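As structure tokens, the structure follows; a few thoughts come after it.
Written out as structure tokens, the structure reads:
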């Protein structure tokens with residue numbers, strides 16, 4: 001059963017069409033990893049889903065049409081974005097970042113105290129400002145900030161970008177934990193090893209369209225396809 005169903009989605013920026021008819025479904029309870037080379041439209045896609053950019057086509061979430069809704073109503077429907085580059089509130093402490101986000105919670109399992117259980121390092125740093133954190137700590141905070149809204153669908157945009165291998169491993173562990181607790185995840189990634197280690201399904205975007213959909217083993221077993229689609233391997 002699909003939680004998110006995107007059909008013929010087109011969009012981009014003024015004067016530039018980036019998405020060219022994207023069709024993509026995200027199954028409930030799964031981890032779908034969307035892969036692709038730089039510049040093919042992955043971040044534009046998630047921003048359009050979240051209502052940060054306009055588009056045409058259809059974005060249905062749990063049967064509701066989201067296209068055209070403002071971002072706060074998209075979030076209220078049960079989606080949360082962990083953006084590329086983290087974008088934590090630098091002047092605010094870790095705790096203030098979490099408490100403010102929790103005010104928009106739909107109600108549920110995740111509260112700031114639960115984030116500290118998931119990321120003990122944030123408990124140690126809870127009085128520090130966002131701009132005093134390392135990149136890895138900011139990524140933890142960005143994920144935690146999304147979780148305290150208690151989303152049904154979590155969109156993670158390049159969470160491994162610029163992080164040390166130990167933190168990348170932690171991100172993978174967290175994705176598995178959240179999936180095991182029933183959170184549906186759409187993961188946008190450049191790190192092929194991370195993506196294939198956590199995905200239940202993978203999709204590849206090429207020039208604003210989804211051109212491949214399959215199981216992680218389909219890519220693991222076909223290095224030529226990986227080279228053709230992603231330019232790696």
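In the numbering used here, the protein residues as written are 1 to 233. Virtual Cβ for every residue (Gly too), placed ideally from N, Cα, C. On a predicted model such as this, the values are computed, not experimentally measured, just so you know.
Query raised in the report: Applying the criterion that 16 or more other CB atoms from any shown protein chain within 10 Å of the CB defines a buried residue, is residue 42 buried or exposed?
Result: buried
Query raised in the report: Looking at C-alpha atoms only, which residue of 23, 128, 78 and 3 is the closest neighbour of residue 204?
Result: 23
Query raised in the report: Does DSSP put residue 135 in a helix, a strand or coil?
Result: helix
Requested in this report: Quick one: residues in its chain with C-beta nearer than 7 Å to the C-beta of residue 101, no 5 flanking neighbours on either side, listed in chain order?
Outcome: Here the set comprises 145, 148 and 149.
**Report entry** Range of the contiguous alpha helix (DSSP H) that encloses residue 101
**Finding:** 94–102
Query - Reduced DSSP category for residue 43 - H, G, I as helix; E, B as strand; rest coil - result: helix
Query raised in the report: What span of residues does the alpha helix (DSSP H) with residue 112 cover, start to end?
Result: According to the DSSP assignment, residue 112 belongs to the alpha helix (DSSP H) that extends over 112–118.
Query raised in the report: Looking at C-alpha atoms only, which residue of 182, 1 and 143 is the closest neighbour of residue 27?
Result: 1
**Report entry** Option nearest residue 60 by Cα separation, candidates 91, 110 and 9
**Finding:** 9
Query raised in the report: When you compare each of 224, 76, 51 and 16 to residue 67 by their alpha carbons, which one comes out closest?
Result: 51
Query - For residue 80, the first and last residue of its enclosing beta strand (DSSP E) - result: Following the DSSP letters along the chain, one finds residue 80 inside the beta strand (DSSP E) bounded by residues 79–82.
Query raised in the report: So, helix, strand or coil for residue 50, using DSSP?
Result: coil
Query - 4-residue-minimum alpha helix (DSSP H) runs that sit fully inside the segment 121–178, ordered along the chain - result: Restricting attention to alpha helix (DSSP H) runs no shorter than 4 residues, the segment 121–178 encloses them at 135–147, ordered along the chain.
**Report entry** Residue from 216, 86 and 211 with nearest C-alpha to residue 134
**Finding:** 86
**Report entry** Reference residue 30, options 191, 55, 179 and 206, closest by Cα
**Finding:** 179
**Report entry** Residue of 177, 73, 19 and 17 minimising C-alpha distance to residue 117
**Finding:** 177
**Report entry** For residue 226: DSSP bridge partner residues
**Finding:** Per DSSP, none; premise fails for residue 226.
Requested in this report: In angstroms with no decimal places, state the Cα-to-Cα distance between residue 21 and residue 63.
Outcome: For residue 21 and residue 63, the distance between alpha carbons rounds to 20 Å.
Report task. Can you have a look at residue 47 and say buried or exposed, based on whether 16 or more other CB atoms are within 10 angstroms of its CB? Result -> buried
Query raised in the report: Hey, would you say residue 121 sits closer than 8 Å to residue 93, going by beta carbons?
Result: no
Query - Candidates 223, 34, 54 and 3: closest to residue 15 by CA position - result: Of 223, 34, 54 and 3, the smallest CA-CA separation from residue 15 is found for 54.
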